[in-house]
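Engineer: Line order of the protein sequences matches chains A and B.
If you count by this note's numbering, then the first sequence holds residues 3 to 292, one letter each, in order.
If you count by this note's numbering, then the second sequence holds residues 51 to 362, one letter each, in order.
Where a beta carbon is used, it is the ideal one built from N, C-alpha and C, also for glycine.
Attaching a single structure in structure tokens format; questions to follow.
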Amino acid sequence: MFSWDLLANAVVAGLLLGGFYAAVSLGIGLVFGLLDIANIAQPAFLILGAYATYVMNESFGFDPILSGILFTPVFYLIGAAVYRIYYSSFERRGEESLRGLVFFFGILFILEVSLSLKFGVDYRLVQAGYIGKSIEFAGVGIAFRYLIPCVVGLAMTGALYLFLGRTFYGRAIMAVSQDQGALRLMGANPVHIKTIAFGVGIAAASLAGALLITISPVVPSTDRDYIGRMFAITVLGGMGSIGGTLVAAVLLGVTESLMSTFAGPSWSQAVSFGILLLVLAVRPAGLFGR
Amino acid sequence: MITRTEWALAAGLAVIAAGIGLAALRLNPYLYFAGYVILQYVVIATAWNILGGYAGYVNFGTPAFFAMGAYTAVFLIRWVKAPLPVLILAGGLVAALLGLGIGYLTLRLRGTFFSIATLALAVVLQTVMINWEYVGGSRGISVIRPSGPPFGNYVVFLFTVMTALAVLAVLVARFIERSWIGRGLAALRDNEEAAECMGVPTLKLKLFATTVSGFLLGVAGAPFPYYVTFVEPNSAFALDYAVNALAMPMIGGTTSWIGPVIGAVLLATAQQLATVTISSELNLLIVGVVLVLFVVVAPEGILGLVRRVRGR
Numbered sequence: 003m004f005s006w007d008l009l010a011n012a013v014v015a016g017l018l019l020g021g022f023y024a025a026v027s028l029g030i031g032l033v034f035g036l037l038d039i040a041n042i043a044q045p046a047f048l049i050l051g052a053y054a055t056y057v058m059n060e061s062f063g064f065d066p067i068l069s070g071i072l073f074t075p076v077f078y079l080i081g082a083a084v085y086r087i088y089y090s091s092f093e094r095r096g097e098e099s100l101r102g103l104v105f106f107f108g109i110l111f112i113l114e115v116s117l118s119l120k121f122g123v124d125y126r127l128v129q130a131g132y133i134g135k136s137i138e139f140a141g142v143g144i145a146f147r148y149l150i151p152c153v154v155g156l157a158m159t160g161a162l163y164l165f166l167g168r169t170f171y172g173r174a175i176m177a178v179s180q181d182q183g184a185l186r187l188m189g190a191n192p193v194h195i196k197t198i199a200f201g202v203g204i205a206a207a208s209l210a211g212a213l214l215i216t217i218s219p220v221v222p223s224t225d226r227d228y229i230g231r232m233f234a235i236t237v238l239g240g241m242g243s244i245g246g247t248l249v250a251a252v253l254l255g256v257t258e259s260l261m262s263t264f265a266g267p268s269w270s271q272a273v274s275f276g277i278l279l280l281v282l283a284v285r286p287a288g289l290f291g292r
Numbered sequence: 051m052i053t054r055t056e057w058a059l060a061a062g063l064a065v066i067a068a069g070i071g072l073a074a075l076r077l078n079p080y081l082y083f084a085g086y087v088i089l090q091y092v093v094i095a096t097a098w099n100i101l102g103g104y105a106g107y108v109n110f111g112t113p114a115f116f117a118m119g120a121y122t123a124v125f126l127i128r129w130v131k132a133p134l135p136v137l138i139l140a141g142g143l144v145a146a147l148l149g150l151g152i153g154y155l156t157l158r159l160r161g162t163f164f165s166i167a168t169l170a171l172a173v174v175l176q177t178v179m180i181n182w183e184y185v186g187g188s189r190g191i192s193v194i195r196p197s198g199p200p201f202g203n204y205v206v207f208l209f210t211v212m213t214a215l216a217v218l219a220v221l222v223a224r225f226i227e228r229s230w231i232g233r234g235l236a237a238l239r240d241n242e243e244a245a246e247c248m249g250v251p252t253l254k255l256k257l258f259a260t261t262v263s264g265f266l267l268g269v270a271g272a273p274f275p276y277y278v279t280f281v282e283p284n285s286a287f288a289l290d291y292a293v294n295a296l297a298m299p300m301i302g303g304t305t306s307w308i309g310p311v312i313g314a315v316l317l318a319t320a321q322q323l324a325t326v327t328i329s330s331e332l333n334l335l336i337v338g339v340v341l342v343l344f345v346v347v348a349p350e351g352i353l354g355l356v357r358r359v360r361g362r
């Protein structure tokens with residue numbers, strides 16, 4: 003039964019998936035890992051991004067990746083607006099933990115149901131020249147619809163790493179996650195910085211959504227599959243560490259791919275949540291915890 | 051002298067009697083069908099509130115507990131054709147064990163992490179059920195109702211059963227709220243460290259709250275197979291339960307036992323009406339919007355609004 007070919011294929015597919023999972027988790031790493039905002043609705047923005055890409059592709063024949071990039075400013079603004087509502091309703095009153103969580107859960111639900119009202123529950127997919135093509139390398143097939151999202155995901159990871167480490171606003175976001183009061187003393191406005199960070203987080207989710215619909219067809223309820231993955235990767239990666247997020251994403255991708263190759267695809271869902279439960283129970287600080 | 055507890059018991063018995071009376075009237079069958087769902091949500095919202103409202107631990111995994119009740123019932127029906135009271139008790143106990151498990155999770159996880167872990171639990175259990183062929187797997191399983199039920203119709207009979215369960219749940223919640231347990235839970239909700247320092251046995255109280263909450267959620271799910279006669283993972287683990295379970299207490303008010311009851315009756319009735327008159331997708335949208343509006347505008351729920359009006 004066991005074959006090295008199968009194993010090699012599964013590992014390579016998992017590595018490619020990992021790059022994509024990194025893209026999916028960057029936004030939540032920023033929002034939840036650094037800002038401590040438990041945005042349960044993050045996967046809904048991922049799916050919203052996927053549907054925006056679908057509409058552009060279906061109506062105007064836009065390339066999915068290109069339209070994903072074009073949509074990021076829109077999602078940045080949506081994210082900034084959502085954060086402003088969250089801030090004025092919860093954070094300012096000091097009620098962020100419980101009611102804020104319920105607020106985001108409600109938004110997740112509203113977005114999911116709105117999408118299924120508008121688009122129904124049929125699977126939607128995008129068309130592009132490279133989808134369906136693949137290259138063969140030493141007996142291991144590499145599909146372009148996985149390779150390209152992986153490359154874009156790695157590029158996004160690098161870009162966010164540079165943004166956080168090298169730019170003024172990026173460093174300000176790191177600062178706000180460490181000590182908000184100190185930042186205020188330095189004359190910067192934490193709310194302004196957090197609005198930017200939240201906007202970037204949602205924009206990253208929407209771009210990841212474009213990658214998602216390139217990889218596989220999407221239905222409105224797909225967001226549920228990603229709640230566990232996003233949070234598992236963020237927690238495992240050590241809450242907001244970009245490098246940790248990438249390592250955790252690749253780990254999860256490979257584990258899921260092995261699981262679905264050797265135990266059946268219906269079990270792969272349980273992998274991320276199982277890892278999440280395990281990490282939360284054993285080492286909540288994650289692999290690269292601060 | 052009649053104590054308030056005796057009044058509450060008498061009121062509970064009166065509600066059960068009224069339920070049986072309604073069942074004997076043999077009205078339009080749809081009324082019992084819808085009434086069952088509303089009462090089921092009274093149980094679910096009340097059970098959720100024991101943990102979420104009193105202790106302040108937000109449980110997103112309601113579907114896991116509800117489905118544990120339902121699947122325990124499916125298993126026992128298939129295995130030994132167990133009678134309904136056994137199903138309800140067993141469903142409750144299995145869900146209570148699960149509750150005890152998540153109670154131990156609270157040792158390490160608080161706030162957001164606890165909520166995410168409960169959500170994770172629901173998905174893991176759903177995956178297990180999808181892969182367990184004996185209880186139907188992903189295709190689901192048909193359940194045949196016992197013949198010759200009281201009141202001549204099984205749904206009408208289940209309606210009276212759910213009435214009794216709703217009364218039980220509300221009485222339990224009321225008892226917890228009025229006793230030292232409720233005060234201890236309120237203390238740990240406001241500040242867990244401070245409560246622990248003052249000698250409140252926080253772990254014991256949390257374990258108690260998660261177990262009782264789990265038990266009642268399982269009890270609500272146990273009659274579900276006989277109600278729908280076809281159980282499959284997507285309907286038993288529906289996200290609707292998670293949203294409703296927290297929306298109803300949030301809308302009614304989480305600090306008192308009457309809050310979840312108000313929220314459940316209002317929201318579930320509205321949903322039933324919307325399902326009949328508009329569409330079931332749209333009624334879920336309404337729940338989401340109402341929930342978000344309430345947490346933003348009226349965080350104390352309807353009870354808080356009432357208090358504010360009275361206070362003036």
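Between the Cα of B:S205 and the Cα atoms of B:V193, B:V340 and B:Y86, which residue gives the shortest distance?
Structural biologist: Within the second sequence, the letter at position 155 stands for residue 205 of chain B. Residue identity check: residue 205 of chain B is Val in the sequence provided, not Ser. Looking at the Cα atoms, B:Y86 is the closest of the given residues.
Engineer: Which first and last residues belong to the beta strand (DSSP E) in which A:G203 is found?
Structural biologist: By 1-based counting over the first sequence, the position of residue 203 of chain A is 201. It is not in any beta strand (DSSP E) - A:G203 instead sits in the alpha helix (DSSP H) that spans P192 to I217.
Engineer: Compare the beta carbon distance of A:Q271 and A:G230 with 9 angstroms and say whether it is the shorter of the two.
Structural biologist: In the first sequence, residue 271 of chain A corresponds to position 269, counting from 1. In the first sequence, residue 230 of chain A corresponds to position 228, counting from 1. In contact: A:Q271 and A:G230 (Cβ atoms closer than 9 angstroms).
Engineer: My parser needs the beta strand (DSSP E) runs of 3 or more residues fully inside the stretch 278-335 of chain B; what are they?
Structural biologist: none
Engineer: Is there a C-beta anywhere in chain A that falls below 9 angstroms from the one on B:T252?
Structural biologist: As a first step, residue 252 of chain B is located in the second sequence; it is residue number 202 there, counting from the start. Chain A, which has no Cβ nearer than 9 angstroms to the Cβ of B:T252, makes this no.
Engineer: Comparing alpha-carbon positions, which option in A:T263, A:L260 and A:T216 lies nearest A:N59?
Structural biologist: The residue labelled residue 59 of chain A in the question sits at position 57 within the first sequence. It is A:T216.
Engineer: Give the single residue among A:A161, A:L72, A:A130 and A:G122 whose Cα lies nearest to the Cα of A:T224.
Structural biologist: By 1-based counting over the first sequence, the position of residue 224 of chain A is 222. Nearest option by C-alpha distance: A:G122.
Engineer: Return the bridge partner residues of A:S136 from the DSSP annotation.
Structural biologist: Walking along the first sequence from the start, residue 136 of chain A turns up at place 134. The partner list for A:S136 (beta bridge, DSSP) reads A:A145.
Engineer: Have a look at the DSSP bridge pairing and note the partners of A:V220.
Structural biologist: If you number the first sequence from 1, residue 220 of chain A lands on position 218. A:V220 pairs with A:R126.
Engineer: Ignoring anything shorter than 4 residues, give me the alpha helix (DSSP H) runs that lie fully in the stretch 22-68 of chain A, in order along the chain.
Structural biologist: If we require 4 residues or more, the alpha helix (DSSP H) runs fully inside the stretch 22-68 of chain A come out as 44-62.
Engineer: Any beta carbon from chain A within less than 9 angstroms of B:L134's own beta carbon?
Structural biologist: Residue mapping note: residue 134 of chain B aligns to position 84 of the second sequence, counting from 1. Closer than 9 angstroms: no.
Engineer: Can you confirm whether B:L188, when its beta carbon is compared against all beta carbons of chain A, has any partner nearer than 9 angstroms?
Structural biologist: The count along the second sequence starts at 1 and reaches residue 188 of chain B at position 138. The sequence shown places Ser at residue 188 of chain B, not Leu. By this cut-off, B:S188 is an interface position.
Engineer: Mind checking who B:S192 pairs with in its DSSP beta bridge?
Structural biologist: For the purposes of this step, residue 192 of chain B is taken as residue 142 along the second sequence, with counting starting at 1. Looking at the DSSP assignment, B:S192 forms a beta bridge with B:F280.
Engineer: Indicate whether the contact test is met: 3 or more Cβ pairs, each with one atom in the stretch 55-74 of chain B and one in the stretch 211-229 of chain B, closer than 8 angstroms.
Structural biologist: Segments in contact, yes.
Engineer: Tell me, please, whether the stretch 86-103 of chain B touches the stretch 294-306 of chain B by the rule of three or more beta-carbon pairs shorter than 8 angstroms.
Structural biologist: yes
Engineer: Compare the Cα-Cα distances from A:P192 to each of A:L19, A:T74 and A:R86 and report the closest residue.
Structural biologist: Stepping through the first sequence from its first residue, residue 192 of chain A is reached at position 190. By alpha-carbon distance to A:P192, the top candidate from A:L19, A:T74 and A:R86 is A:R86.
Engineer: Closer than 8 angstroms by beta-carbon distance: list the chain B residues that pair up with A:L278, in chain order.
Structural biologist: Taking the first sequence and counting its residues from 1, the one referred to as residue 278 of chain A is at position 276. For A:L278, the C-beta contacts it makes with chain B under 8 angstroms involve I166, A167 and A170, in order along the chain.
Engineer: Chain A partners of B:M300, CB-CB under 7 angstroms?
Structural biologist: In the second sequence, counting from the first residue as 1, residue 300 of chain B sits at position 250. V104, listed in chain order.
Engineer: How about B:R10: is its C-beta nearer than 9 angstroms to some C-beta of chain A?
Structural biologist: With chain B represented from 51 up to 362, any question about residue 10 of chain B goes unanswered, as that position is not in the structure.
Engineer: Would you decide whether B:L353 is buried or exposed? Buried here means 16 or more other CB atoms lie within 10 Å of its CB.
Structural biologist: Translated into positions along the second sequence, residue 353 of chain B becomes position 303. Result: buried.
Engineer: Quick one: does A:Q129 have its CB under 9 angstroms from some CB of chain B?
Structural biologist: Translated into the one-based positions of the first sequence, residue 129 of chain A becomes position 127. Interface flag for A:Q129 against chain B is unset, since no Cβ pair is found closer than 9 angstroms.
Engineer: Are the CB atoms of A:A82 and A:T169 within a distance shorter than 9 angstroms?
Structural biologist: As a working mapping, residue 169 of chain A is identified with position 167 in the first sequence. As a working mapping, residue 82 of chain A is identified with position 80 in the first sequence. No.
Engineer: Can you name, in chain order, every residue of its own chain whose Cβ lies under 7 angstroms from the Cβ of A:T74, other than the five neighbours on each side?
Structural biologist: For the purposes of this step, residue 74 of chain A is taken as the residue at position 72 of the first sequence. Taken in chain order, the residues that qualify are A205, S208 and L209.
Engineer: Just verifying my parser: in three-state terms, what is the DSSP assignment at B:F83?
Structural biologist: Reading the second sequence from its first residue, position 33 is the one you call residue 83 of chain B. Annotated three-state conformation of B:F83 is helix, per DSSP.
Engineer: Write down the C-beta distance between B:P283 and B:M179 rounded to the nearest angstrom, noting that I regard them as a contact closer than 8 angstroms.
Structural biologist: Here residue 283 of chain B refers to the residue found at position 233 of the second sequence. Here residue 179 of chain B refers to the residue found at position 129 of the second sequence. Rounded, the Cβ-Cβ distance is 5 angstroms, consistent with contact.
Engineer: Quick one: is A:P267 buried, meaning 16 or more other Cβ sit within 10 Å of its Cβ, or exposed?
Structural biologist: Position 265 of the first sequence, counting from 1, holds the residue named residue 267 of chain A. Exposed, by the Cβ-count rule.
Engineer: Any C-beta of chain A sitting closer than 9 angstroms to the C-beta of B:I312?
Structural biologist: Here the question's residue 312 of chain B lines up with position 262 in the second sequence. No - not a single Cβ of chain A is within 9 angstroms of the one on B:I312.
Engineer: Report yes if the C-beta of B:V326 is less than 8 angstroms from at least one heavy atom of the ligand NAD; otherwise report no.
Structural biologist: As for the ligand NAD, it is missing from this structure, which has no ligand bound.
Engineer: Would you kindly check if the distance between the Cβ of A:Y171 and the Cβ of A:I244 is under 9 angstroms?
Structural biologist: On the first sequence, residue 244 of chain A is found 242 positions in, with the first residue counted as 1. On the first sequence, residue 171 of chain A is found 169 positions in, with the first residue counted as 1. No, the Cβ-Cβ distance between A:I244 and A:Y171 is not below 9 angstroms.
Engineer: Starting from the Cα of B:S197, find the closest Cα among B:P133, B:A84, B:G338 and B:V92 and give me that residue.
Structural biologist: As a working note, residue 197 of chain B is residue 147 in the second sequence. Closest option to B:S197, Cα to Cα, is B:P133.
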